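> After the structure tokens below, expect a handful of questions from me.
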Amino acid sequence: MNIYVNGETKTVPEGFTAEQLVESLALTGRRLAMEVNQEIVPRSTFASHVFHPNDAIEIVHAVGGG
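See the structure below:
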């Protein structure tokens, strides 16, 4: 199935979770926020949040600076 991650199409298997997406993008352990169809997904639910076809996902991660 297709999902859209930060505006780009990504093909993933049925049952793909937010946690698996974070791992596939090599963002594990980073401070980030995820929004699916304009709703925030709490990090505590990443393992159980399953994507649906054509979900629009936005991921932002914190960058340190000063």
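Take the sequence shown: its position 22, counting from 1, is numbered 21 in numbering that gives the first Met the number 0, and each next residue is one higher.
Where a beta carbon is used, it is the ideal one built from N, C-alpha and C, also for glycine.
Just so you know, these numbers come straight off a predicted model, no measurement behind them.
1) Flag this pair as yes or no: are the beta carbons of I56 and Y3 separated by less than 9 Å?
2) If I follow the unbroken alpha helix (DSSP H) through L21, where does it start and stop?
3) With DSSP as the reference, label T27 as helix, strand or coil.
4) Could you please give the first and the last residue of the uninterrupted beta strand (DSSP E) stretch that includes V59?
5) Pull up the distance between the alpha-carbon of T16 and that of G63, whole angstroms please.
The short version:
1) Closer than 9 Å, so yes.
2) A small correction: the amino acid at residue 21 is Val; Leu does not occupy that position in the sequence shown. First-last of the alpha helix (DSSP H) with V21: 17-23.
3) Coil, per DSSP.
4) Going by DSSP, V59 is part of the beta strand (DSSP E) stretching over 55-60.
5) T16 and G63 have their C-alpha atoms roughly 27 Å apart.
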